[in-house]
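Take a look at the structure set out below.
Numbering (the numbering used here), first residue to last: 5 to 468.
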């Protein structure tokens, strides 16, 4: 096997990447508009034609693909306590590459059921209770879901003593049910991989067909997965390495898109300070969060809401009034490119703030508390202060200027003293936009995928 084609069916663009396995090199990349509303193969054919213009005709030995087209993998989850099983369910969903539309806690209400009906998720993750603990809530929630007419698979990953009852209730209502291990079998203990595996299997079996991707899957030799799951896989490989090729160690990554900003961290995030106690659930080594309100076009207003128009004005050098005018323009016409100095300045400001806000929300925080034995620090989330690598990616950033300035948003800011963001880090830019492709390749040729990433990521030096 020599020539591999890696395909990413994105919400806007279909991206193709050609790799020569024998020479362990990236041959070329190309992209064309995704055509999911007609035939997704049209966009793929257009992208392949552009690829052929660069490298000539190629017979590919294998084709692997991921997808976030047609809205990606939309999920809703519910648990018992917000900080415990509900949070574990959210972690499981995000780690599987899903877009989490809603997370419910405690008992579902009639209003919740109506909202779920209207949201029409691709998958529902039903959790609640530790093994041997509370059974009533998850069973009552299963009964509520049984009364919803919308069709979607339900993954039951809660108290194992209630799993059988939940399955019976839901199957009698004609629902597709998959029962797996509890996401939190014991208090404070995470077990999210079994649920994630179920979610990925449903994605392959059902979602691909439902979203018109089955025609494309006939042309592909390998498993399709959600694009965010592919990026997460690439980041984990880049951090951990393989038996033959060392990784880079703990790292963070920010993927700024037009509608959302995804943030990844590969680190246990354990406390680095003395007298520090962890609050809440332990964090997974490989973690993904999604800021659904922050993006360069569709969600530009969310950046302003989070950071303020004053911050946009200051970073762009534009007046607040002019910045607001341009923001209205790009949110109305989301295909607007930064073709002049004003738009380029606005994009710089938006990208800088998207990275900063996204990383601040992803990283953990500490707060000082006083106990009978003296001063103690409470840590919630990951301590990323010692992480020394930061990867920046996203279609809107690969051609941006001043990447190192944009990337400073991942770093600790004295103005946010409680934040546990990295203190200093080497900035690495995914200029060829290959992370999702390398996540796909990682499943089949991890050593090669790792070496290509290490070769293609462009270092902008260490920022402090």
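Where is the CB? At the ideal position from N, CA and C, for every residue including glycine.
{"Query": "Spell out a yes or no on whether the stretch 84-104 and the stretch 30-41 are touching, meaning 3 or more CB-CB pairs, one atom from each, closer than 8 Å.", "Result": "no"}
{"Query": "Name the two residues that bound the continuous beta strand (DSSP E) containing residue 9.", "Result": "7-13"}
{"Query": "Quick one: is residue 374 buried, meaning 16 or more other Cβ sit within 10 Å of its Cβ, or exposed?", "Result": "exposed"}
{"Query": "Taking the beta carbon of residue 191 as the centre, do at least 16 other beta carbons fall within 10 Å, making it buried, or is it exposed?", "Result": "exposed"}
{"Query": "How about residue 316 and residue 353: do their beta carbons lie closer than 8 Å?", "Result": "yes"}
{"Query": "In whole angstroms, what separates the C-alpha of residue 116 from that of residue 140?", "Result": "18 Å"}
{"Query": "Based on the DSSP output, what are the partners of residue 466 in its beta bridges?", "Result": "430"}
{"Query": "CB residue 418 to CB residue 425, shorter than 8 Å?", "Result": "no"}
{"Query": "Sorted by chain position, which residues of the same chain lie with C-beta nearer than 6 Å to residue 181's C-beta, five sequence neighbours on each side aside?", "Result": "158, 171, 174 and 175"}
{"Query": "Does the stretch 428-443 touch the stretch 297-304, meaning 3 or more C-beta pairs lie closer than 8 Å?", "Result": "no"}
{"Query": "In this structure, what does DSSP give as the bridge partners for residue 83?", "Result": "109"}
{"Query": "Report the CB separation of residue 260 from residue 388 in whole angstroms; it is logged as a contact under 8 Å.", "Result": "The Cβ separation is near 18 Å, so there is no contact."}
{"Query": "Check whether the stretch 149-156 touches the stretch 107-121, taking contact to mean three or more Cβ pairs, one atom from each stretch, closer than 8 Å.", "Result": "yes"}
{"Query": "Three or more C-beta pairs under 8 Å: does that hold for the stretch 56-68 against the stretch 97-108?", "Result": "no"}
{"Query": "Between residue 384 and residue 368, how many whole angstroms is the CB-CB distance? I'm expecting something under 8 Å.", "Result": "6 Å"}
{"Query": "Taking a contact to mean a Cβ-Cβ separation below 8 Å, would you say residue 524 touches residue 238 in this structure?", "Result": "The chain is shown from 5 up to 468; residue 524 falls before or after that span and cannot be answered."}
{"Query": "If I measure Cβ to Cβ from residue 78 and keep anything under 6 Å in the same chain, skipping five residues before and after, which residues do I get?", "Result": "103, 105, 125 and 126"}
{"Query": "Would you call the CB atoms of residue 279 and residue 379 closer than 8 Å?", "Result": "yes"}
{"Query": "May I have the straight-line CA-CA distance separating residue 232 from residue 355, to the nearest angstrom?", "Result": "19 Å"}
{"Query": "Going by DSSP, name the residue or residues bridged to residue 70.", "Result": "12 and 229"}
{"Query": "For residue 32, does the three-state DSSP call read helix, strand or coil?", "Result": "strand"}
{"Query": "Between the C-alpha atoms of residue 318 and residue 29, what's the straight-line distance to the nearest angstrom?", "Result": "42 Å"}
{"Query": "What does the alpha-carbon distance come out to for the pair residue 162 and residue 265?", "Result": "29 Å"}
{"Query": "Using the three-state DSSP reduction, which class does residue 409 fall into: helix, strand or coil?", "Result": "helix"}
{"Query": "Tell me where the beta strand (DSSP E) around residue 257 begins and ends.", "Result": "255-260"}
{"Query": "In the structure shown, what three-state DSSP assignment does residue 383 receive?", "Result": "strand"}
{"Query": "Could you tell me the alpha carbon to alpha carbon distance between residue 228 and residue 204, rounded to whole angstroms?", "Result": "9 Å"}
{"Query": "DSSP three-state call for residue 64: helix, strand or coil?", "Result": "coil"}
{"Query": "To the nearest whole angstrom, what separates the beta carbons of residue 93 and residue 187, a pair I think is in contact under 8 Å?", "Result": "6 Å"}
{"Query": "What's the gap between the Cα of residue 99 and the Cα of residue 444?", "Result": "16 Å"}
{"Query": "Could you check how far apart the C-beta atoms of residue 365 and residue 293 are, in whole angstroms? I think they sit under 8 Å.", "Result": "7 Å"}
{"Query": "Opposite residue 273 in the DSSP bridges: which residues?", "Result": "Beta-bridge pairing links residue 273 to no other residue."}
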